[in-house]
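Working notes, beginning with the structure itself.
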Amino acid sequence: MSEAVLSFDAIRQDFPAPGADSAIRVIDGISFEVGSGKFVAVIGPSGCGKSTLLQMAAGLLMPTRGGVRHRGRPVNDVNREVGFVPQQAQLFPWKTLAENVELPLLLRGVARAERQQRVAAALEAAGLSGFEHYFPGQLSGGMQKRGSIARTLVYRPDVILMDEPFGALDAQTRMVMQEDLQMLAQAAGATVLFITHDITEAVLLADHVVIMSQRPSRLLANIAIDLPRPRDVFEPFRNAGFDAAYDAVWSVFRSQIDIRRRPH
Amino acid sequence: MNEIAATAPPPSDAERPRARRRAWRKALHRVALLLPGAAILIFWQWSAGRLIKEIYVSKPTAVAARLYELFSSGEIYPHLWTTGQELVLGYVFGVTGGILAGYALGRSPRLAGIFEPYVMAFYGIPKIALAPLFIIWFGIGIWSKIALAAIMVFFLVFYNVYSGVRAVDRELINLTLVMGASQRQLTTHVYLPAAAPYVLLGMRMAVPYSVIGVIVGEFTSSTQGLGLFIHEASSTYDPAGVFAGIVILLAFVVVANVLAGKLERRILRWKTPIAHAPSDI
């Protein structure tokens, strides 16, 4: 693996449990690295603390034990080198699409002319040209999601953290977005840490799939996916080697899912 | 908004009758809106002197005549001027204080933990009971009325702003911090716009409260003002005068409400999505 951008080192996280004296241990010793320019997907059963890892990488939450390093520097304050794409689009409803995408540049003190040019480029890349002056409430769910991604890409963060970004979208929109994300990330050479609960999505998009166990979660496997790019997200089974990669992930992951065997 | 208007296709011939029908419906709605008011006025006019003695309820034509007389003789102007001053100043002080205090407590859980119980306790006091006290403290002039109106407005605005600021989505704030916002930028780009609907709602609801505060103050003790005018009219058995005073107050509240509504629509234009939004992905 090339130079590590993010490294999680023996992360442990306890959360106070309501009505109990002892805290609940959510994460119990997880270590892995995200290499420069790599796309790493984290999958795990719900409630296993996947999103918690992203919060730590963004410096919004400090682990109980262990630590996160960003290019060797310990993260112990809000990490402004990252970009965060949340589950819901979370565009600012009082700002137009262009103002939303412009905001990170404005906050970072980028000059006006450059802002305008970069916003236009980001919206163009996200396929949103012509909707600059719409408010988020006037856009469809998929368009809001594109806007949210454009708002993150526009300031070229060192790492992009994505928290189940396509979970709430319908199946068709989702495939289109996966395709676009693959293209955008590849073109930008972006480093991505991507949380999902969808194995197909993880295998299709990622260079590495990190599998977490149920709570208190440990790292079950970190599997490299060596499928050639670009990958066909619309017909996953047509990618050469997809079945084997999927099996490799599923054989580890299935132990974490409570499959009730029905009598035939 | 112009862009959207520009991209909408021009109405075709088939759509024209529909537009005309819509205009008709709008006109009909206006008429329907005026009907109940007109009915009340007509019934009032008819019943005065027939069902109830005119000395008790006066009648619309008498009230209108009285209003004309008050304005043409100039008798009402000093009262209007005094009450107007009290209303505007009381409202402005109350709103300003409410926004500042609500925002400060909304942003700082520590401050809120200390001061919220006190504010809650003071909120429970019937403000009208303070009127005599305020007269003693601030005198018989305009300042006692300003204080009374301000304190009534303050609590209303305070609670709206306080809950508005606290309702801001935590994730949105974290997101903005990661994007690179300082505390100050967080205020201008997230907290203020997010709290704006609550602030404006509080401001709109506060208008009638400022009127109540001022009028109660003037009823209690004053040398000039609409409240005093109404009070005197009622103690000299002049119902037309009472109603004339009430009509003026009513007009003030209606005008203030329309202005507040306009302001609200302007500031919150993002809250009113247009019917035809694009639906492709």
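From first to last, the protein sequence lines stand for chains A and B. Just so you know, the first sequence maps onto residues 1 to 264 in this note's numbering. Just so you know, the second sequence maps onto residues 265 to 545 in this note's numbering. From the three backbone atoms N, C-alpha and C, an ideal C-beta is built for every residue, glycine too. The model shown is predicted, which means the values in this text are computed figures rather than measured ones.
Beta-carbon gap between residue i and residue j smaller than 7 Å
i: V85 (chain A); j: L193 (chain A); result: no
i: V478 (chain B); j: E350 (chain B); result: yes
i: I11 (chain A); j: I27 (chain A); result: yes
i: G83 (chain A); j: I160 (chain A); result: yes
i: L204 (chain A); j: P236 (chain A); result: yes
i: A460 (chain B); j: L107 (chain A); result: no
i: P313 (chain B); j: S474 (chain B); result: Note on identity: in this sequence residue 313 (chain B) is Gly, with Pro being the wrong assignment. Not in contact: G313 (chain B) and S474 (chain B) (Cβ atoms no closer than 7 Å).
i: R112 (chain A); j: V154 (chain A); result: no
i: E132 (chain A); j: L97 (chain A); result: yes
i: R215 (chain A); j: G47 (chain A); result: yes
i: F166 (chain A); j: M183 (chain A); result: no
i: V5 (chain A); j: H208 (chain A); result: no
i: G481 (chain B); j: A395 (chain B); result: yes
i: G466 (chain B); j: N424 (chain B); result: yes
i: K323 (chain B); j: Q309 (chain B); result: yes
Residue i, DSSP secondary structure in three states
i: S543 (chain B); result: Caution applies to S543 (chain B), whose pLDDT of 41 falls short of 50 and renders its modelled position unreliable; the value that the coordinates give is listed next. Three-state result, S543 (chain B): coil.
i: R254 (chain A); result: helix
i: D74 (chain A); result: First, the residue type needs correcting, since residue 74 (chain A) is Pro and not Asp in the sequence shown. In this structure, P74 (chain A) counts as strand in the three-state DSSP scheme.
i: E33 (chain A); result: strand
i: I319 (chain B); result: helix
i: L527 (chain B); result: helix
i: D170 (chain A); result: coil
i: L61 (chain A); result: coil
i: G19 (chain A); result: coil
i: I378 (chain B); result: helix
i: E267 (chain B); result: Its pLDDT being 41, under 50, E267 (chain B) is placed unreliably in this model, and the value from its coordinates should be taken loosely. Note: E267 (chain B) maps to helix in three-state DSSP.
i: F398 (chain B); result: helix
i: R25 (chain A); result: strand
i: I306 (chain B); result: helix
i: F149 (chain A); result: Just to set this straight, residue 149 (chain A) is Ile in the shown sequence, not Phe. Helix.
i: M469 (chain B); result: helix
i: V176 (chain A); result: helix
i: I538 (chain B); result: Model confidence at I538 (chain B) stands at a pLDDT of 44, short of 50, so the residue's coordinates are unreliable; what they give is reported in the following sentence. Note: I538 (chain B) maps to coil in three-state DSSP.
i: A272 (chain B); result: Here A272 (chain B) scores only 47 on pLDDT, less than 50, and its place in the model should not be relied on; the value that follows carries that caveat. In this structure, A272 (chain B) counts as coil in the three-state DSSP scheme.
i: A460 (chain B); result: helix
i: V40 (chain A); result: strand
i: V154 (chain A); result: coil
i: I340 (chain B); result: coil
i: A240 (chain A); result: coil
i: F386 (chain B); result: helix
Residue-chain proximity (residue i, chain A), Cβ-Cβ < 7 Å
i: P461 (chain B); result: no
i: P472 (chain B); result: no
i: Q449 (chain B); result: yes
i: P342 (chain B); result: no
i: P396 (chain B); result: no
i: P324 (chain B); result: no
i: P381 (chain B); result: no
i: R284 (chain B); result: no
i: P457 (chain B); result: yes
7 Å Cβ cutoff, residue i in contact with chain B
i: F135 (chain A); result: yes
i: L204 (chain A); result: no
i: Q116 (chain A); result: no
i: L128 (chain A); result: no
i: P230 (chain A); result: no
i: A58 (chain A); result: yes
i: W250 (chain A); result: no
i: P16 (chain A); result: no
i: R108 (chain A); result: yes
i: Q90 (chain A); result: yes
i: I257 (chain A); result: no
i: P236 (chain A); result: no
Any non-hydrogen atom of the ligand PLP closer than 6 Å to residue i Cβ
i: A120 (chain A); result: This structure simply doesn't include the ligand PLP, nor any ligand for that matter.
**OP:** May I ask you to list, following chain order, the residues of the segment 430 to 447 of chain B that have a beta carbon less than 9 Å from some beta carbon of chain A?
**Re:** For the segment 430 to 447 of chain B, the residues whose beta carbon sits under 9 Å from a beta carbon of chain A are, in order, D433, E435, L436, N438, L439, T440, L441, V442, M443, G444, A445, S446.
**OP:** With 8 Å as the limit, tell me which residues of the segment 73 to 85 of chain A have their beta carbon closer than that to any beta carbon of chain B; keep them in chain order.
**Re:** Result list: V78, N79, R80, V82, G83, F84.
**OP:** For the segment 182 to 234 of chain A, list the beta strand (DSSP E) runs that are entirely contained and at least 3 residues long, ordered along the chain.
**Re:** Within the segment 182 to 234 of chain A, the runs of beta strand (DSSP E) at least 3 residues long that lie entirely inside it are, in chain order, 191 to 196, 208 to 212, 219 to 224.
Original post:
When you check each C-beta in the segment 519 to 535 of chain B against every C-beta of chain A, which residues fall closer than 7 Å?
Top reply: The segment 519 to 535 of chain B vs chain A, Cβ under 7 Å: W534.
Original post:
What residues in the segment 361 to 373 of chain B bring their beta carbon closer than 8 Å to a beta carbon of chain A?
Top reply: For the segment 361 to 373 of chain B, the beta-carbon criterion of a distance under 8 Å to any beta-carbon of chain A is satisfied by none of its residues.
**OP:** Ignoring anything shorter than 4 residues or poking outside the segment 471 to 511 of chain B, list the alpha helix (DSSP H) runs there in chain order.
**Re:** Listed in chain order, they are 490 to 499.
Subject >> Interface residues of the segment 45 to 56 of chain A facing chain B [CB-CB below 9 Å] >> reply: The segment 45 to 56 of chain A vs chain B, Cβ under 9 Å: Q55.
Subject >> alpha helix (DSSP H) segments (min. 4 residues) lying fully within the segment 404 to 447 of chain B >> reply: The qualifying runs are 406 to 430, 434 to 443.
**OP:** Can you give me, in chain order, the residues of the segment 18 to 33 of chain A that have a beta carbon less than 7 Å from any beta carbon in chain B?
**Re:** Those residues of the segment 18 to 33 of chain A that come within reach of chain B (Cβ to Cβ, closer than 7 Å) do not exist; the list is empty.
**OP:** Starting from the N-terminal side, write out each stretch of the alpha helix (DSSP H) that is 4 residues or longer and does not extend beyond the segment 67 to 131 of chain A.
**Re:** Listed in chain order, they are 97 to 107, 112 to 125.
Original post:
Of the residues that make up the segment 93 to 107 of chain A, which ones have a beta carbon closer than 7 Å to any beta carbon in chain B?
Top reply: Cβ contacts with chain B: P93, W94, L103, P104, L107.
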